[in-house]
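For reference, the structure is listed below as structure tokens.
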Amino acid sequence: MASGDLTSKEYWDKTHSDQIFTREQLTQFPQFPWMPVVLEHLAPYRGQRFLELGCSPGQVSAMICGQIPMRAEGVDFSDTGWLYLKNLETVGVTDAQLHRADFREFRPGSLFDVVGSFGLVEHFEDSQEVLDHHDRLLRPGGLCVVELPRMRGLLWLHKWVFDRPNLRKHNVGMMKVDVFRQFAQRRGHQVLFLGLVGGPQVWGADQGGPAWLRQLRTGASIRVKRAVAEYLKPRVRPAHPWFAPWLLYIGRKPV
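Position one of the sequence shown corresponds to residue 2 (the numbering used here), numbered consecutively onward.
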């Protein structure tokens, strides 16, 4: 675990150990309202090279490449990296390449047409440094796609009450539009999309402590989720800054 990392290889080995998805799960994605925006902007890059940083378990790459055929490659340092290949095979992508490495040390022979990450950048203290690695691996004119959960507002409160250990593994301070606007300005990207996505949603419950406490927290967390779904969702507009659970950035590197 390097200085500035909020997680470890062992954490990801455990977290992703059983994440094998069915074809139905990988071809239907109502849980990710940002996916249609990503697919729209990736359509012109059909058939080109797409690299996912921190690619295990490959769920998002499989969702994308199942809709838009691309030459899929992923880089990941965890022992569960093989899940990337397994989940891509489920949607018919049998020629994907997996690079076993820390993405910060990854030095490919050539640059990529699309570089993306999905739930990666928020696990580091220096968000700009991690974003710079996306740009480093991207060819001029290529597309940078970054999606991350946004644990602010209601979701931060839910995490603080029910899932505090996991909250500490996330850099909440960088989950802001201004962080990505600064990145785009430094690197000269043309911003194609930058904003909050999704309506009220909460997830996660602390699994630590004795069984009775875990059960109590899980039950309370489920009741909060139901309240959000039944009361808030119909009443709160999507992308509301107090409730939006995702942030999405799509930018084009200058030629």
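We put the beta carbon where it would ideally sit given N, CA and C, even for glycine.
Residue i versus the options, residue with shortest Cα-Cα distance
i    : options                   : result
C66  : A97, G82, V76 and G55     : A97
P141 : N167, G117, H190 and M152 : H190
V61  : Q49, P37, Q202 and D80    : P37
G59  : E41, T23 and Q49          : T23
G110 : L138, E90 and L132        : L138
F119 : S222, L168 and V131       : V131
E25  : H171, Q49, V92 and K87    : V92
Q202 : W213, L84 and R227        : R227
A73  : M64, T81, D80 and S79     : M64
N172 : Y12, A245, L112 and V122  : V122
D6   : R253, F125 and G154       : F125
Per-residue burial, residue i [other beta carbons within 10 Å of its own, 16 or more giving buried]
i    : result
Y232 : exposed
P235 : exposed
L27  : buried
V94  : buried
R224 : exposed
D179 : exposed
Whole-angstrom C-beta distance between residue j and residue i, which should lie under 8 Å
i    : j    : result
G55  : F104 : 6 Å
H100 : G75  : 7 Å
A206 : F163 : 5 Å
L144 : H42  : 7 Å
D136 : R188 : 5 Å
C167 : K160 : Here residue 167 turns out to be Asn, not Cys, going by the sequence shown. Their Cβ separation, rounded to whole angstroms, is 7 Å, which keeps N167 and K160 in contact under 8 Å.
Span of the alpha helix (DSSP H), counted from its first residue to its last, around residue i
i    : result
V92  : Element bounds for V92: n/a, residue is neither H nor E.
I223 : A212 to A228
L43  : M36 to L43
Opening and closing residue of the beta strand (DSSP E) in which residue i lies
i    : result
G143 : L139 to P150
R50  : R50 to L54
L233 : Element bounds for L233: n/a, residue is neither H nor E.
W243 : Element bounds for W243: n/a, residue is neither H nor E.
Residue i beta carbon near the ligand ADP (any heavy atom closer than 7 Å)
i   : result
Q68 : In the structure shown, the ligand ADP is absent, as is every other ligand, since no ligand is present at all.
Which parts of the region 106 to 191 are runs of the alpha helix (DSSP H), unbroken and 4 residues or longer, counting only runs that do not cross its ends? Taking only runs of at least 4 residues, the alpha helix (DSSP H) segments lying wholly in the region 106 to 191 are 128 to 137, 155 to 163, 165 to 168 and 178 to 188.
Only counting runs of 3 or more residues, tell me where the beta strand (DSSP E) segments fall wholly within the region 59 to 84, in order along the chain. 72 to 77
Can you list the alpha helix (DSSP H) stretches of 4 or more residues lying completely in the region 6 to 32, in chain order? At a cut-off of 4 residues, the continuous stretches assigned as alpha helix (DSSP H) that sit fully inside the region 6 to 32 are 10 to 16 and 24 to 28.
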